[in-house]
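Quick notes on the structure that follows.
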Amino acid sequence: MAAVSRKRKNFAIFESKAGTSANENAPEIKKRKEGDPLKIFSWNVAGLRACIKKGCHTELAKWDADVVFLQETKCEELPPEIKSIADYPYKKLCFSKVKKGHSGVAMLSREKPVSVECCVGDENFDQQARWIQAEFENYYLIGVYVPNSGQKLVNLDKRKKWEGLILERLISLDKLKPVIYVGDMNVAHQEIDLKNPVSNRNKTAGFTDQEREDFTRLLEAGFVDVWRSRNPTQADVYTFWSYLGNARSRNVGWRIDYFVVSKRILVKVVDCKVHHGVLGSDHCPISMTIDV
């Protein structure tokens with residue numbers, strides 16, 4: 335497989351050419367047929383190279399998704415196991431310029447976007463590589479790794495700044511085209527979204543009143559938490575479990591990974607799932623299928 339690598343600012347683009355050469359044995363690239371719904375997967379891999387050692391690239395290849403978003407990739411170049419997945423000719427990695435092996439987001443796509451960017455308009459956040467925005471003909475598709483408020487909530491003020499910046503940007507984009515916003519948003523919005531709400535409230539990052547209120551403001555601005563809208567009272571469904579205390583085996587977790595969409599396209603959602611059985615990270619993947 336031939337690959338082209340281009341580096342610019344805080345990201346790298348890799349466009350796989352597998353299946354386009356004269357090699358008769360080259361794998362055929364799957365493409366979404368016109369009229370088929372769009373299938374999107376998202377996964378915080380907690381270090382892409384570490385996840386690959388646990389077989390996550392094999393899992394990715396099985397998903398048959400049209401677009402895959404990865405968070406907390408922690409690498410400056412996509413590993414060969416990801417580059418070689420022929421079904422995604424368009425691959426983009428945004429990597430941190432602040433701290434090597436920290437944060438990072440990636441997108442794998444069957445369809446070529448109109449444009450892709452990694453910037454939110456704030457130099458400090460842009461250097462951290464937490465945002466990947468792809469424009470398609472009929473919608474915007476955004477993958478995100480929202481900043482954690484940190485131990486003892488030391489980064490809560492920075493988190494507040496991020497939320498205000500992103501809300502303004504999402505509202506602006508939504509005026510142009512519907513928005514699909516997906517990824518690790520580092521907040522359990524409701525008490526039902528984590529196992530132990532009382533002991534964590536205003537003590538643990540991801541469950542402060544400020545973070546929850548900021549998420550509420552996002553929804554009040556014309557967006558919808560897709561999974562919760564379809565499962566309004568379902569408890570004990572989580573996307574993150576600490577490595578400590580056998581939390582995953584005891585299902586002591588948090589739902590902090592989301593699909594959020596413009597309210598006007600909620601009716602186009604076919605399904606939204608949490609894949610809690612998929613291992614390899616302290617997060618599990620989530621998926622959504624939508625007619626767009």
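For the sequence shown, this note's numbering gives the first residue as 335, with consecutive numbering after it.
Glycine included, C-beta positions come from ideal geometry on N, C-alpha and C.
Cβ-based neighbour list, residue i, same chain, cut-off 6 angstroms, excluding 5 preceding and 5 following
{"i": "Ala555", "result": "Ile505"}
{"i": "Val586", "result": "Lys529"}
{"i": "Trp588", "result": "Ala522, Leu528, Tyr572 and Phe574"}
{"i": "Lys607", "result": "Ser621"}
{"i": "Ala581", "result": "Trp575"}
{"i": "Tyr515", "result": "Ile476 and Val594"}
{"i": "Lys600", "result": "Note on residue identity: the sequence assigns Leu, not Lys, to residue 600. Counting only Cβ-Cβ distances below 6 angstroms, and skipping sequence neighbours, we find Val558."}
{"i": "Thr407", "result": "Leu382, Gly438 and Ala440"}
{"i": "Leu507", "result": "Tyr474 and Val513"}
{"i": "Pro619", "result": "Phe375, Trp377, His609 and Val612"}
Residue i, DSSP secondary structure in three states
{"i": "Asn378", "result": "strand"}
{"i": "Ser430", "result": "coil"}
{"i": "Leu301", "result": "Limits of the chain in this structure are 335 at one end and 626 at the other, which puts residue 301 out of reach."}
{"i": "Thr450", "result": "Note that residue 450 is Val in the sequence shown, not Thr. Reduced to three states, the DSSP call for Val450 is strand."}
{"i": "Glu358", "result": "Per-residue confidence for Glu358 stands at a pLDDT of 42, beneath the threshold of 50, marking its modelled position as unreliable; the derived number appears in the next sentence. In this structure, Glu358 counts as coil in the three-state DSSP scheme."}
{"i": "Val558", "result": "strand"}
{"i": "Leu613", "result": "coil"}
{"i": "Trp397", "result": "coil"}
{"i": "Val603", "result": "strand"}
{"i": "Gly498", "result": "helix"}
{"i": "Phe549", "result": "helix"}
{"i": "Phe459", "result": "helix"}
Those residues which DSSP pairs with residue i across a bridge
{"i": "Ile620", "result": "Ser376 and Val608"}
{"i": "Tyr474", "result": "Glu469 and Val513"}
{"i": "Gly389", "result": "According to DSSP, Gly389 bridges with nothing at all."}
{"i": "Ala440", "result": "Leu404 and Leu427"}
{"i": "Val594", "result": "Tyr515 and Asp559"}
{"i": "Leu528", "result": "Trp588"}
{"i": "Tyr479", "result": "Asp518"}
{"i": "Phe541", "result": "Its beta-bridge partners do not exist; DSSP assigns none."}
Rounded straight-line distance, which links the Cα of residue j to that of residue i
{"i": "Pro559", "j": "Cys453", "result": "Correcting the residue type first, residue 559 is Asp in the shown sequence and not Pro. Going from the Cα of Asp559 to the Cα of Cys453 covers about 24 angstroms."}
{"i": "Ser621", "j": "Gly438", "result": "20 angstroms"}
{"i": "Leu442", "j": "Leu490", "result": "31 angstroms"}
{"i": "Ile624", "j": "Gly435", "result": "33 angstroms"}
{"i": "Glu358", "j": "Lys425", "result": "Its pLDDT being 42, under 50, Glu358 is placed unreliably by the model, and the measurement read from it follows with that caveat. Between Glu358 and Lys425, the C-alpha separation is close to 23 angstroms."}
{"i": "Asp400", "j": "Gln467", "result": "16 angstroms"}
{"i": "Pro413", "j": "Asp460", "result": "22 angstroms"}
{"i": "Ile590", "j": "Asp518", "result": "6 angstroms"}
{"i": "Gln524", "j": "Arg546", "result": "7 angstroms"}
{"i": "Val448", "j": "Leu475", "result": "11 angstroms"}
{"i": "Phe375", "j": "Lys396", "result": "11 angstroms"}
{"i": "Phe549", "j": "Asn482", "result": "14 angstroms"}
{"i": "Thr392", "j": "Asp398", "result": "12 angstroms"}
{"i": "Trp377", "j": "Val402", "result": "8 angstroms"}
{"i": "Glu368", "j": "Tyr577", "result": "42 angstroms"}
{"i": "Lys365", "j": "Ala420", "result": "11 angstroms"}
Same chain, Cβ closer than 7 angstroms to residue i, five either side skipped, listed in chain order
{"i": "Ile526", "result": "Ala569"}
{"i": "Pro371", "result": "Val604, Thr623, Ile624 and Asp625"}
{"i": "Cys385", "result": "Val379, Gly614 and Ser615"}
{"i": "Asn536", "result": "Thr542 and Asp543"}
{"i": "Leu501", "result": "Arg551, Leu552 and Ala555"}
{"i": "Arg564", "result": "Cys606"}
Validate contact between the region 602–621 and the region 539–556 using beta carbons, cut 8 angstroms, 3 pairs: Between the region 602–621 and the region 539–556 there are fewer than three inter-stretch CB-CB distances shorter than 8 angstroms, so the stretches are not counted as touching.
Meets three-Cβ-pair contact criterion under 8 angstroms: the region 496–503 and the region 429–443: The region 496–503 makes no contact with the region 429–443; the number of CB pairs closer than 8 angstroms stays below 3.
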